[in-house]
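Residue numbers for the sequence shown follow the numbering used here, beginning at 3 and rising by one. Report on the structure given below.
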Amino acid sequence: MEQRWKNWVWIVFLIWYGVGLVLVSLDWLPPALQWANAVFLYLSGFLAVLYGGMVFKKGMGYWLAAIIIIGTIAAESLGVHYGWIFGSYHYEKDFGIQLFGVPVTIGFAWVMVIFTSMAYFEWLLNGKKTFKNALLYSIATSILAVTMDLIIDPVAYKGRQYWIWEGDGIYYDIPTQNFLGWFYVSFVIQFILYYLLRDTSFPKVWSPRMRWLYGMVVGMFVVTSMVEGLWLAVFVTLTVYVIMLIIRKIWRRSYDRA
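Written out as structure tokens, the structure reads:
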């Protein structure tokens with residue numbers, strides 16, 4: 003019964019995603035439905051929370067997800083109020099309920115990024131824990147986190163103005179500090195998760211779903227970028243993503259042979 007309702011959440015997301023993809027690609031999403039973007043990220047984050055609950059047993063995954071949501075909202079709040087970690091910026095009011103000046107949606111987006119990135123490199127989490135593997139795992143997953151932000155930020159800032167940057171940078175006037183901040187925050191979280199997770203069986207159905215979820219979220223923002231004419235973001239993001247997929251395939255193959 004428990005697995006059934008979780009599958010239904012996945013199905014609801016797929017339907018929501020399909021409808022949203024059509025509306026976005028045809029530029030048919032009216033201003034009155036802009037709230038649907040926040041719901042999309044809430045659903046994505048909730049799916050990631052379910053995955054975390056399967057990977058970390060005895061309810062630990064749900065607690066970790068809650069900590070990630072609250073912790074990343076706090077980190078983002080430091081940027082909003084003091085310009086720390088990510089740079090100076092502020093959120094507009096039309097991106098959902100805010101906590102400490104940060105939309106709660108952002109916390110769900112972060113938990114989605116963390117757990118979907120984890121799903122790409124699960125095989126590094128089992129077996130003997132080593133500092134080398136902790137670094138490799140944390141770096142690889144954090145590059146995936148930055149990859150997603152390479153497409154999210156241009157859309158949210160230049161395309162939809164969900165948040166406004168008060169600095170500038172070479173990539174769509176987004177401060178480089180932002181991407182470094184994404185890497186650092188992801189790295190710290192993934193490094194901790196690496197050591198918290200002991201031998202576990204990863205869900206055979208939900209692990210691929212998380213990898214699909216990552217690709218689908220990137221895909222949605224890629225389509226939105228095309229509609230907005232943000233072609234550099236499309237090229238850069240897809241290039242880095244494809245490179246990471248190739249690295250993952252080669253790395254996994256060599257790991258299996260070892």
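The beta-carbon is built from N, C-alpha and C at its ideal position, and this holds for glycine as well. None of the values given here were measured: they were computed from a predicted structure.
Could you spell out the range, first to last residue, of the beta strand (DSSP E) harbouring residue i?
i, result
"Y91", "Y91 to Y93"
"F71", "A quick correction: the sequence has Ile, not Phe, at residue 71. Taken as a continuous stretch (DSSP letters only), I71 belongs to no beta strand (DSSP E), being part of the alpha helix (DSSP H) at M62 to Y84."
"W233", "Note, W233: premise wrong, no beta strand (DSSP E); alpha helix (DSSP H) at W233 to R259."
"I153", "Note, I153: premise wrong, no beta strand (DSSP E); alpha helix (DSSP H) at F133 to P156."
Since residue i sits in a beta bridge, which residues does DSSP pair it with?
i, result
"L101", "V104"
"W18", "None, per the DSSP bridge assignment."
"Y173", "I176"
Contact defined as beta carbons within less than 8 Å: I believe residue i pairs with residue j. What is the distance between those atoms, to the nearest angstrom?
i, j, result
"F58", "L199", "6 Å"
"V26", "V229", "6 Å"
"M246", "I176", "Between I176 and M246 the Cβ distance is about 20 Å, and since that is not below 8 Å, they are no contact."
"L138", "L127", "Incorrect: roughly 11 Å between the Cβ atoms, too far for contact."
"A77", "V187", "6 Å"
"L234", "K160", "Between K160 and L234 the Cβ distance is about 10 Å, and since that is not below 8 Å, they are no contact."
What residue from the options has the CA that sits closest to residue i's CA?
i, options, result
"F237", "I249, K251 and G221", "G221"
"N9", "A147, W112 and F48", "F48"
"G20", "W7, R250, F42 and Q5", "F42"
"G81", "I108, I99 and L16", "I108"
"F1", "T132, L126, M62 and A40", "Within the shown structure, residues of the chain are numbered from 3 to 260, placing residue 1 beyond reach of any answer."
"T74", "F97, P105 and M62", "P105"
"K131", "G61, L195, V24 and I248", "L195"
"M212", "A76, I72, G171 and G55", "G55"
"Y174", "S227, L240 and A67", "S227"
"W165", "G171, I172 and P156", "P156"
How many angstroms separate the CA atom of residue i from the CA atom of residue j?
i, j, result
"A158", "F88", "15 Å"
"T129", "S203", "Checking the sequence shown, residue 129 turns out to be Gly, not Thr. Approximately 12 Å between the Cα atoms of the pair."
"A136", "F185", "15 Å"
"I153", "F193", "24 Å"
"S90", "V190", "21 Å"
"I252", "D201", "23 Å"
"Y93", "G217", "25 Å"
"I116", "A147", "7 Å"
"S256", "D151", "29 Å"
"S79", "Q100", "10 Å"
"G2", "R162", "Look at the range of the chain in this structure, 3 to 260, and you will see that residue 2 is not part of it."
"T118", "G63", "14 Å"
"V24", "Q5", "29 Å"
"V242", "T143", "13 Å"
Can you find a heavy atom of the ligand MN that lies under 6 Å from the Cβ of residue i?
i, result
"G129", "Questions concerning the ligand MN fall outside what the structure shown contains, since it holds no ligand whatsoever."
Looking at the unbroken alpha helix (DSSP H) that takes in residue i, where does it start and where does it end?
i, result
"I87", "Neither: I87 is in no alpha helix (DSSP H) and is coded neither H nor E."
"W125", "Segment: none, W125 is in no alpha helix (DSSP H) and carries neither H nor E."
"I191", "T178 to L198"
"Y164", "Counting along the chain, Y164 falls outside any alpha helix (DSSP H), and DSSP gives it neither H nor E."
"V224", "W208 to E230"
So, is the C-beta of residue i closer than 7 Å to a C-beta in chain D?
i, result
"G47", "Among the chains of the structure shown, chain D does not appear; only one protein chain is present."
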